[in-house]
Amino acid sequence: MTISRDYQILAGLTLVFAILPLFANQFQLTLLITLLYWAYLGTAWNIMGGYAGQFSFGHSAFFGIGAYTSTVLFLNYGISPWLGMFVGAGFAALFGAAMGFLTFRFGVKGHFFALATFAFAEMSRLIAQDSDFINSTIGLTMPIIGGDSWSQMIFEDTKLYYYIVILGMLIVATMISIWIYRNKLGYYLLAIREDEDAAAALGVDTLRYKIIAVAISAAITAIGGSFFAQRFGFIDPALVFGVSISIAVLLRPIFGGSGAIWGPLVGAIFLTPMEEFTKIFVRNPPEFLSFMKGRAGFDVLLFGVIIIIVVIYMPDGLVGSIPQWLERLRRRLRGQSQSATQEAAR
Amino acid sequence: MTLLTIDHLTKRFGGLIAVDDVSFEIEQGEVLGLIGPNGAGKTTLFNSVAGTYIPEEGQVIFNGAAITGLAAHDVCQLGLVRTFQIVKPFAALNVLDNVKVGAYLRNNNSQITESKARDIVDFVGLGDLAHQPAKNLTTAGRKRLELARALATEPKLMLLDEVMAGLTPTESQQIVTVIEQIKEEYHLTLLVIEHVMQAIMSLSDRIAVLHHGQLIAIDTPQAIAADKAVIEAYLGKEFQFADN
Amino acid sequence: MEWKQYRGSLIGGLVVISLFAILIYNNVDWRACLEPEAEGFVLSCVAENTSAWYARYGVVMRQATVSGLLIGGVYGLVALGLTMIFGVLEIINFAHGALMTVGLYITFILFDTFGIDPYLGLFITVPLLFFIGLIVYRVVIHPARDAPHHNQLLLTLGLTLLIENLLLMVFTATPRAIRLDYGRGETNILGLFVMQFPIRIWRAVITFDKLLAFLGALVVTAILYTIIQKTDLGKAIRATAQERDGAALVGINTDWINMITFGIGTACVGAAAALVLPFRPADPTAGNLFNITAFIIVVLGGMGNAIGALLGGLIIGLTQELTGIFFPGSPDLIGVFVIFILVLLFRPQGLLGQAA
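Residue numbers (our numbering), protein chains in the order written: chain A, 1 to 346; chain B, 1 to 244; chain C, 1 to 356.
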């Protein structure tokens with residue numbers, strides 16, 4: 001596959017997602033926004049966790065920095081979120097680079113790196129909870145403006161506008177992801193993921209490239225955090241710095257196929273509707289499962305089961321596993337037809 | 001012209017002196033074989049030269065510049081590349097992409113890199129397997145891949161760490177042919193660690209012998225084969241006594 | 001025994017000491033002593049002011065120290081289970097805390113439904129958690145034995161979500177507390193002697209349940225330590241942890257050892273759960289705190305090191321309580337995370353169990 005082929009696929013997908021809202025009701029539109037939003041965050045995670053193989057379990061740190069930066073700039077200084085989200089991206093990239101430098105410099109690898117990212121995220125949450133200038137645990141609320149405003153990125157009446165924004169964000173993120181994957185940076189990141197010593201022996205400055213991967217991933221994630229703040233109109237430390245964000249962000253790329261360009265999107269396409277339907281199901285379960293009515297936790301429980309199944313049975317995710325399954329199926333079919341011909345020959 | 005100078009190099013691990021005050025030079029265009037019994041410090045010497053270890057004492061001068069203690073990637077950037085005794089392919093990437101990682105060192109353009117990597121893959125005889133994941137390769141294939149990747153970084157000097165270990169005699173012979181072709185085609189200087197005596201004797205211009213971390217001999221293959229100290233190192237003193 | 005094994009504990013200890021130092025620095029009015037009109041020598045003035053401050057605030061600090069050490073013993077026990085699992089299986093079991101939550105609910109049900117005392121319940125909870133550990137290993141962990149490390153972390157994360165939310169669905173988020181009808185006022189200890197609870201030492205309060213949790217944790221740790229050091233099973237476990245292939249070569253069934261170790265590790269949290277339920281109510285995420293602290297202790301105390309785990313537990317307990325004085329309210333884990341990152345940075349080789 002070549003880079004132009006990837007862009008063709010992206011163009012095709014863009015067309016599909018541009019047309020879809022025409023046939024969607026309000027509920028479906030919300031579902032689509034959620035889907036694209038998680039695909040976007042997954043794409044950001046994938047650059048660091050999938051390509052570079054630096055498994056992050058603390059993306060909520062970047063997410064929260066983005067959400068708080070744009071919101072504080074908007075509420076306190078009247079700076080438009082369109083600008084604020086890039087400031088947040090810059091902060092998150094700096095934070096990520098500093099974190100990466102500290103951990104990589106001292107050789108923290110593998111699951112210890114994952115734990116370190118988790119610790120950094122939890123620390124940022126605790127600091128946010130204790131910081132009065134961002135309203136500590138109470139959080140920040142967007143003003144109600146009674147309408148739609150493109151300059152303030154607040155759309156109270158027209159959900160479609162959020163859809164347009166997140167679709168644009170996803171397209172840009174995917175373009176970045178494709179560009180990285182098909183160029184020197186991507187090759188170096190993949191090499192680092194596969195074998196750091198070998199990469200270094202071939203002239204790859206592993207420390208530098210790992211930090212670059214963290215910074216890019218952090219910046220894209222932070223913009224997603226800003227979008228979250230705009231769309232929901234409310235943030236608090238537990239919400240945007242919490243561990244559930246970190247988990248949700250990595251879930252789609254892992255399910256879809258981490259390290260593959262389309263893994264996060266495929267993951268989001270499968271998981272987001274499932275999540276929504278589980279919620280509906282629990283709200284209104286069939287007769288024989290009536291004890292589940294209104295019980296919280298079933299959707300996340302399913303996520304837990306999915307993670308376990310993915311790790312055990314399809315460690316390469318959907319994108320990686322489906323070709324393997326098809327190959328196996330083809331081989332089996334061919335084997336059968338061969339034995340059939342042998343039978344006939346006899 | 002001298003390409004690599006190793007000057008009184010010493011590497012210790014705690015109380016163990018793995019490389020003990022070793023000095024020698026490699027001339028441009030030369031193939032220098034490095035032999036010695038297991039544990040003689042050959043790979044440690046490689047690692048100390050190529051930036052994996054930082055030596056305690058001594059200097060390494062490559063192409064006129066001191067590279068002692070430089071990081072592995074900087075050493076590679078200067079044109080000194082090494083292969084690994086235990087091959088380290090990028091398992092999930094295909095053969096061509098493995099080589100592209102090496103080729104990207106000298107340019108950022110994907111098309112140039114691709115065609116260059118393609119040439120090298122063909123050159124080492126992996127052309128038919130270019131789009132196979134590296135994890136599907138046989139041991140011999142992996143050794144070739146290791147050579148191809150190193151070659152793609154456009155080195156001046158290649159350190160080859162036991163490229164023939166674990167190969168059948170036929171495969172070894174093929175690899176020797178590839179190495180000779182590399183030397184001809186790319187005008188490289190080679191420092192080769194090898195256990196397969198026949199191969200290294202025919203391949204090398206000179207041979208250096210390490211024993212207990214010390215350089216005990218460095219000479220032409222013929223002279224080394226007759227050297228008493230070398231025979232003693234390999235076969236033990238008893239052999240000498242019996243001979244007397 | 002090499003001192004390097006305890007480098008993490010040393011770093012942790014230094015942080016604790018500096019916490020004390022900052023506490024005193026921030027609160028003692030030593031600047032007044034530098035004023036020209038201050039009486040006497042500067043040092044004696046500082047000492048006087050310090051003792052005055054100590055007379056007023058020392059009790060808070062002493063209480064924090066005592067509480068920290070008491071809960072630290074339990075942290076050490078939880079960490080011991082985690083470090084055993086890590087030592088043998090080389091996976092970080094993120095579900096360790098969730099399994100402890102299971103233990104909490106089991107203890108709660110035993111008490112609430114069957115009227116079984118939680119301390120007596122230890123004899124049910126511990127074996128039960130042991131078996132749950134065996135099953136979890138067989139069903140979830142074993143199939144992914146050869147997966148990359150971060151995938152195994154992910155696996156146990158999935159398990160955590162599964163357990164937590166299953167408990168949430170069954171028991172809802174309401175905290176479930178139990179109340180012992182003894183342990184306050186005059187308490188007869190096993191018919192041997194009578195003690196007055198809560199105990200007061202230097203005006204710091206020690207309640208019956210916390211003291212028992214601490215002592216219980218120590219006893220279980222000691223038993224486990226003996227098993228690891230003295231029995232054949234323990235030797236097999238240590239052999240597997242050190243050199244898996246070598247152990248298999250001399251006839252140790254390493255798969256079996258994996259499973260047993262996971263069971264024992266889980267049994268540790270079972271014991272910890274029964275010991276803390278009297279003062280830590282059960283809710284679906286109650287194990288998280290213990291989970292996080294256990295990770296940090298394992299990193300601190302060295303892998304597969306029972307004494308290190310206990311030491312690390314005490315340090316983390318202390319740090320947590322002391323930072324609680326700095327930042328009243330929820331973020332008392334922040335000092336713990338600082339230690340964690342410091343240790344991660346300064347002894348990563350020790351963490352991986354091998355030199356680079």
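All C-beta atoms, glycine included, are put in the ideal place defined by N, C-alpha and C.
Worksheet item: With a cut-off of 9 Å, does the C-beta of N63 of chain B fall near any C-beta of chain E?
Response: Absent here is chain E; the protein component of the structure consists of chains A, B and C.
Item to complete: Would you kindly report the start and end of the unbroken alpha helix (DSSP H) that includes V343 of chain C?
Response: Position 343 of the third sequence holds residue 343 of chain C. For V343 of chain C, the enclosing alpha helix (DSSP H) has its first and last residue at I334 to F346.
Discussion item. Using C-beta distances below 7 Å, list every residue in its chain close to I237 of chain C, excluding the 5 sequence neighbours before and after it, in chain order.
Written reply: Working through the third sequence from its first residue, we reach residue 237 of chain C at position 237. Once the five neighbours on either side are set aside, the close Cβ partners of I237 of chain C are V88, I228, I257 and T261.
Item to complete: Quick one: grab the DSSP three-state call for T220 of chain B.
Response: Taking the second sequence and counting its residues from 1, one reaches residue 220 of chain B at position 220. Three-state DSSP puts T220 of chain B in coil, outside helix and strand.
Practice prompt. Mind reading off the beta-carbon distance from I296 of chain C to I339 of chain C? Whole number of angstroms is fine, and I expect it under 8 Å.
Written response: The sequence position of residue 296 of chain C within the third sequence is 296, counting from 1. The sequence position of residue 339 of chain C within the third sequence is 339, counting from 1. Sure, about 7 Å apart at Cβ, within 8 Å.
Discussion item. Taking 8 Å as the limit between beta carbons, can you name the residues of its chain near V245 of chain B, skipping five residues before and five after?
Written reply: Here chain B comprises residues numbered 1 to 244, so residue 245 of chain B is not present and cannot be evaluated.
Worksheet item: When you compare each of A:A260, A:F227 and A:K279 to I322 of chain A by their alpha carbons, which one comes out closest?
Response: The residue given as residue 322 of chain A occupies position 322 in the first sequence. Among A:A260, A:F227 and A:K279, the Cα nearest to that of I322 of chain A is on A:A260.
Worksheet item: Can you tell which of C:R184, C:V219 and C:T231 has the C-alpha that lies nearest to the C-alpha of D209 of chain C?
Response: Against the third sequence, residue 209 of chain C aligns to sequence position 209. The shortest C-alpha separation from D209 of chain C is found at C:R184.
Discussion item. If you measure between the beta carbons of M85 of chain A and T69 of chain A, is that distance less than 9 Å?
Written reply: In the first sequence, the residue the question calls residue 85 of chain A occupies position 85. In the first sequence, the residue the question calls residue 69 of chain A occupies position 69. Contact: yes.
Worksheet item: How would you call M175 of chain A, buried or exposed, if buried means at least 16 neighbouring beta carbons within 10 angstroms?
Response: On the first sequence, position 175 is the one that residue 175 of chain A refers to. Classification of M175 of chain A: exposed, given that the 10 Å Cβ count is below 16.
Worksheet item: Is R206 of chain B helix, strand or coil when you go by DSSP?
Response: Locating residue 206 of chain B in the second sequence gives position 206, counting from the first residue. Strand at R206 of chain B.
Fill in: Contacting residues, own chain, Cβ-Cβ under 6 Å from L80 of chain B (five flanking each side not counted)
Locating residue 80 of chain B in the second sequence gives position 80, counting from the first residue. Excluding sequence neighbours, L80 of chain B sits near F62 and L157.
Discussion item. Quick check on the burial criterion: 16 or more other C-beta atoms within 10 angstroms. Buried or exposed for Q129 of chain A?
Written reply: Your numbering for residue 129 of chain A matches position 129 in the first sequence. The residue is buried, with at least 16 neighbouring Cβ atoms inside 10 Å.
Practice prompt. Report yes if the C-beta distance between L167 of chain B and T139 of chain B is below 9 Å; otherwise report no.
Written response: Translated into the one-based positions of the second sequence, residue 167 of chain B becomes position 167. Translated into the one-based positions of the second sequence, residue 139 of chain B becomes position 139. Contact flag set, yes.
Worksheet item: Taking Cβ to Cβ, would you say F241 of chain A is nearer than 9 Å to G64 of chain A?
Response: Here residue 241 of chain A refers to the residue found at position 241 of the first sequence. Here residue 64 of chain A refers to the residue found at position 64 of the first sequence. Yes.
Discussion item. Residues of chain C with CB closer than 8 Å to the CB of E122 of chain A, please, in chain order.
Written reply: Stepping through the first sequence from its first residue, residue 122 of chain A is reached at position 122. Neighbours of E122 of chain A on chain C, chain order: I292, L333 and F337.
Worksheet item: Is the Cβ of V60 of chain B closer than 9 Å to any Cβ of chain A?
Response: Against the second sequence, residue 60 of chain B aligns to sequence position 60. Chain A, which has no Cβ nearer than 9 Å to the Cβ of V60 of chain B, makes this no.
Worksheet entry | Three-state secondary structure (DSSP) of F97 of chain B | On the second sequence, position 97 is the one that residue 97 of chain B refers to. Going by the sequence as given, residue 97 of chain B is Asp instead of Phe. In this structure, D97 of chain B counts as helix in the three-state DSSP scheme.
Discussion item. So, with DSSP's three-state summary, where would you put A260 of chain A?
Written reply: Counting from 1 along the first sequence, the entry for residue 260 of chain A is found at position 260. Correct three-state label for A260 of chain A: coil.
Worksheet item: So which residues of chain B does R182 of chain A contact, with C-beta pairs closer than 8 Å?
Response: Reading the first sequence from its first residue, position 182 is the one you call residue 182 of chain A. Simply S110.
Discussion item. Quick check: the Cα distance between G246 of chain C and Y53 of chain B, rounded to an integer number of angstroms?
Written reply: Here residue 246 of chain C corresponds to residue number 246 of the third sequence, with the count starting at 1. Here residue 53 of chain B corresponds to residue number 53 of the second sequence, with the count starting at 1. Computed Cα separation, rounded: 28 Å.
Worksheet entry | Paired residues, beta bridge with A282 of chain C - DSSP | As a working note, residue 282 of chain C is residue 282 in the third sequence. Its beta-bridge partners are C:R176.
Worksheet entry | Other residues of its chain near F241 of chain B: CB distance less than 7 Å, five sequence neighbours each side excluded | Within the second sequence, residue 241 of chain B is the residue found at index 241, counting from 1. Its pLDDT being 47, under 50, F241 of chain B is placed unreliably by the model, and the measurement read from it follows with that caveat. So no residue of the chain qualifies.
Worksheet item: Which chain A residues sit within Cβ distance under 8 Å of T153 of chain B?
Response: The residue given as residue 153 of chain B occupies position 153 in the second sequence. Scanning chain A for C-beta atoms nearer than 8 Å to the C-beta of T153 of chain B yields L202 and G203, reported in chain order.
Worksheet entry | Element boundaries [beta strand (DSSP E), containing H8 of chain B] | Position 8 of the second sequence holds residue 8 of chain B. Segment T2 to F13, the beta strand (DSSP E) holding H8 of chain B.
Discussion item. Within the continuous alpha helix (DSSP H) that includes S115 of chain B, where are the two ends?
Written reply: Translated into positions along the second sequence, residue 115 of chain B becomes position 115. Annotation for S115 of chain B: the continuous alpha helix (DSSP H) segment containing it runs S110 to F123.
Worksheet item: Taking just the CA atoms, how far does F228 of chain A sit from A218 of chain A?
Response: As a working note, residue 218 of chain A is residue 218 in the first sequence. As a working note, residue 228 of chain A is residue 228 in the first sequence. Those two C-alpha atoms are separated by around 15 Å.
Worksheet item: Using a beta-carbon distance below 9 Å, is W66 of chain C in contact with chain A?
Response: Here residue 66 of chain C refers to the residue found at position 66 of the third sequence. Inspection of the sequence shows that residue 66 of chain C is occupied by Val rather than by Trp. For V66 of chain C, the answer is no, since every Cβ of chain A falls outside 9 Å of its Cβ.
Worksheet entry | Span of the beta strand (DSSP E) around M169 of chain A | The residue labelled residue 169 of chain A in the question sits at position 169 within the first sequence. No beta strand (DSSP E) contains M169 of chain A, which is instead part of the alpha helix (DSSP H) from K159 to Y181.
Discussion item. With a threshold of 9 Å between beta-carbons, can R149 of chain B be considered close to chain A, or not?
Written reply: Along the second sequence, read from residue 1 onward, the residue named residue 149 of chain B stands at position 149. It does: the Cβ of R149 of chain B has a partner Cβ on chain A nearer than 9 Å.
Worksheet item: Taking A273 of chain C as the reference, which of C:M169, C:A239 and C:Y75 has the closest Cα?
Response: Translated into the one-based positions of the third sequence, residue 273 of chain C becomes position 273. Of C:M169, C:A239 and C:Y75, the residue nearest in Cα terms is C:Y75.
Worksheet item: Between the C-alpha atoms of I211 of chain A and G96 of chain A, what's the straight-line distance to the nearest angstrom?
Response: Translated into positions along the first sequence, residue 211 of chain A becomes position 211. Translated into positions along the first sequence, residue 96 of chain A becomes position 96. For I211 of chain A and G96 of chain A, the gap between their C-alpha atoms comes out near 8 Å.
Fill in: At least 3 beta-carbon pairs within less than 8 Å: the stretch 53–61 of chain C vs the stretch 309–316 of chain C
no
Fill in: Short Cβ contact (9 Å threshold) for T285 of chain C with T156 of chain C
Here residue 285 of chain C is taken as the residue at index 285 of the third sequence, counted from 1. Here residue 156 of chain C is taken as the residue at index 156 of the third sequence, counted from 1. Their beta carbons are not under 9 Å apart, which means T285 of chain C does not touch T156 of chain C by this criterion.
Worksheet item: Which ranges would you report for the beta strand (DSSP E) in the stretch 151–206 of chain B if only whole runs of at least 3 residues count?
Response: 157–161 and 189–193
Practice prompt. For the stretch 97–122 of chain B, enumerate the residues whose C-beta is nearer than 7 Å to any C-beta of chain A, in chain order.
Written response: Only those residues of the stretch 97–122 of chain B whose C-beta falls short of 7 Å from the nearest C-beta of chain A are listed: D97, K100, V101, G102, Y104, L105, N108 and S110.
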